[in-house]
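Everything below concerns the one structure shown next.
In the working numbering, the protein residues as written are 4 to 149.
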């Protein structure tokens, strides 16, 4: 059996009503599930900011006719082979490819990889999304300093 703890939260009635509408629209069955997800997301962001190892996705939409870009993406994947766990490439239509990379590493290194792609000619959109902390934030910060 899990070690669940119940606690109370005081909140303005209007704010709670807005929260309830939002989580219902997202498909949550109850507030507890939504709060757990919000807390996990915040802890993941804190781990990212403090230098812990995290899992993330990098989603790129780009024009395939820009030959240099395709070569640059391949080169960056090789250069960051330790960070790029997997990659999926999908043709959206004649003029656009969607590439999703599963990444792991320190937030700063993953942001650097995303930055190297975001401003490249032919990139139509580039989004880096933290997914989960792989090490506790404090431990990651200690490793980075040591």
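Ideal Cβ placement from N, Cα and C applies to all residues, glycine included.
Since we're looking at a predicted model, the values are computed, not measured.
Sorting 75, 50, 136 by C-alpha distance to the C-alpha of residue 125 places 75 at the top. Residue 59 is a Cβ neighbour of residue 131, given a cutoff of 8 Å.
Where residue 96 is concerned, the enclosing beta strand (DSSP E) starts and stops at 87-96.
In this structure, DSSP gives residue 78 a helical state, which the three-state scheme calls helix. Comparing C-alpha distances from residue 110 to each of 13, 49, 29 shows the shortest one belongs to 49. Residues of the same chain with a CB within less than 6 Å of the CB of residue 64, apart from the 5 flanking positions on each side, are 99, 101, 127, 128 in chain order.
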